[in-house]
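Peer 1:
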Amino acid sequence: MNHAKLTGRMAAAMLVTVALGGCITVNAPEKPIVIELNVNIRQEVIYRLAEDAGNTIEDNADIF
Amino acid sequence: MGDMMNKVTKSVLAAAAVATAFGGFAAPAFAQRDPAYAAARADGEIGEKMDGYLGIVGAETPALRKIVNDINIKRRAVYSDRAKANNATLEEYALTAGCQAILATKPGEKYQAPNGSWETRGAGAPQRDPRCP
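These protein sequence lines are chains A and B, in that order. All residue numbers for the first sequence refer to this note's numbering, where the first residue is 1 and numbers rise by one. All residue numbers for the second sequence refer to this note's numbering, where the first residue is 1001 and numbers rise by one.
#1: Mind the definition here: the region 1031-1049 of chain B touches the region 1075-1087 of chain B only if three or more C-beta pairs lie below 8 Å; say whether that holds.
#2: Going by DSSP, name the residue or residues bridged to K1110(B).
#3: Pick helix, strand or coil for G1098(B), following the three-state DSSP scheme.
#4: Indicate whether I57(A) and P1133(B) have their beta-carbon atoms separated by less than 8 Å.
#5: Could you check if A69(A) is buried or exposed, using at least 16 other CB atoms within 10 Å of its CB as the buried criterion?
#6: Is the CB-CB distance between D59(A) and Q1032(B) below 8 Å?
#7: For Y1037(B), I'd like the list of residues in its chain whose CB is within less than 8 Å of its CB, leaving aside the five on either flank, ordered along the chain.
#8: Look at the alpha carbon of A50(A) and the alpha carbon of S1117(B), and state the distance between them as a whole number of angstroms.
#9: Measure the Cβ-Cβ separation of G1044(B) and T1120(B) and say whether it is below 8 Å.
#10: Specify the secondary structure class of G54(A) as computed by DSSP and reduced to three states.
#11: With 8 Å as the threshold, decide whether the Cβ of R9(A) is near any Cβ in chain B.
#12: Can you pull the chain A residues whose beta carbon is under 8 Å from the beta carbon of K1084(B), in chain order?
#13: Since I1056(B) is in the beta strand (DSSP E), which residue starts that stretch and which ends it?
#14: Just confirm the distance between the C-beta atoms of F64(A) and A1101(B), as a whole number of angstroms; I'd bet it's less than 8 Å.
#15: Less than 6 Å between C-beta atoms, sequence neighbours within five positions excluded: which residues of the same chain meet that for G1055(B)?
#16: Against chain A, does K1074(B) count as a neighbour if the rule is that its beta carbon must be under 8 Å from one of theirs?
#17: When the distance is taken between beta carbons, is R1128(B) closer than 8 Å to L1103(B)?
#18: Roughly how many angstroms lie between the CA atoms of E1092(B) and T1105(B), to the nearest whole one?
Right under this line is the structure:
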């Protein structure tokens, strides 16, 4: 009876550890990936618009 | 003779129409800065911000505020048009124009560095956002 209780507690403790460990390994790589993606998208957009923006500045020399 | 005159009149009118049309298109490309804006810019009282708009560098005066606001309103309208044409947001287009406008500053003019401080353009490349092309 006592032995069974102890085994149950150990199992629960292991479950908690696994659960926590699982959370950490899932969350850690997710964050940097999102940030890198945002930076890439923004820079891509800026590169795509660069030529048009340069022409806009030349065509509107009075306000630049 | 009457027919001849008519032809001459017609060609003169056509030439005038062509000149007007070309003048209409060419005018913006040759438009110059307003002298008050050009002077304030050369004196470092007005500088190029990272966001694609003008800013007042030192002490604000009503005259400087008016120049900056008038131009920024016009810039915003142009950015808005071009952003739509390029399927981009106003902020994305304005930021890109800011990259280019800072790059186009002449030595002695003021521009905003990525840390937010006002810098004087030197002979070398300006300090720009790492995303700038």
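Heads up, the beta-carbon is just placed ideally off N, CA and C, and yes, glycines get one too.
Peer 2: Once the coordinates are examined:
#1: no
#2: For the purposes of this step, residue 1110(B) is taken as the residue at position 110 of the second sequence. For K1110(B), which the question treats as bridged, DSSP gives the partners G1047(B) and T1120(B).
#3: As a first step, residue 1098(B) must be located in the second sequence, where it is residue number 98. Here G1098(B) sits in helix by DSSP.
#4: For the purposes of this step, residue 57(A) is identified with residue 57 of the first sequence, where counting begins at 1. For the purposes of this step, residue 1133(B) is identified with residue 133 of the second sequence, where counting begins at 1. Result no, Cβ atoms of I57(A) and P1133(B) do not sit closer than 8 Å.
#5: Because residue 69(A) is not part of the residues shown, which for chain A are 1 to 64, the question remains open.
#6: Position 59 of the first sequence, counted from the first residue, corresponds to residue 59(A). Position 32 of the second sequence, counted from the first residue, corresponds to residue 1032(B). Result no, Cβ atoms of D59(A) and Q1032(B) do not sit closer than 8 Å.
#7: Stepping through the second sequence from its first residue, residue 1037(B) is reached at position 37. So the qualifying residues of the chain are I1046, I1067 and I1071.
#8: Position 50 of the first sequence, counting from 1, holds the residue named residue 50(A). Position 117 of the second sequence, counting from 1, holds the residue named residue 1117(B). When rounded, the distance between both Cα atoms is 24 Å.
#9: To locate residue 1044(B), count along the second sequence from 1; it is residue 44. To locate residue 1120(B), count along the second sequence from 1; it is residue 120. It is a contact, given that the beta carbons lie within the stated cut-off.
#10: Here residue 54(A) is taken as the residue at index 54 of the first sequence, counted from 1. Residue state, collapsed to three classes: helix.
#11: Here residue 9(A) corresponds to residue number 9 of the first sequence, with the count starting at 1. False, the Cβ-Cβ gap to chain B never drops below 8 Å.
#12: On the second sequence, residue 1084(B) is found 84 positions in, with the first residue counted as 1. Ordered by position in chain A, no residue passes the 8 Å Cβ test against K1084(B), which lies about 12 Å from the chain.
#13: Within the second sequence, numbered from 1, the residue matching residue 1056(B) stands at position 56. Note, I1056(B): beta strand (DSSP E), L1054 to I1056.
#14: For the purposes of this step, residue 64(A) is taken as the residue at position 64 of the first sequence. For the purposes of this step, residue 1101(B) is taken as the residue at position 101 of the second sequence. Their Cβ separation, rounded to whole angstroms, is 6 Å, which keeps F64(A) and A1101(B) in contact under 8 Å.
#15: What you label residue 1055(B) is simply residue 55 of the second sequence in a count that begins at 1. If we look at G1055(B) and ignore the five residues flanking it on each side, its Cβ neighbours are G1047 and K1049.
#16: Within the second sequence, numbered from 1, the residue matching residue 1074(B) stands at position 74. Chain A, which has a Cβ nearer than 8 Å to the Cβ of K1074(B), makes this yes.
#17: Working through the second sequence from its first residue, we reach residue 1103(B) at position 103. Working through the second sequence from its first residue, we reach residue 1128(B) at position 128. Yes, they are a contact pair.
#18: On the second sequence, residue 1092(B) is found 92 positions in, with the first residue counted as 1. On the second sequence, residue 1105(B) is found 105 positions in, with the first residue counted as 1. Taking the straight line joining both Cα atoms gives about 20 Å.
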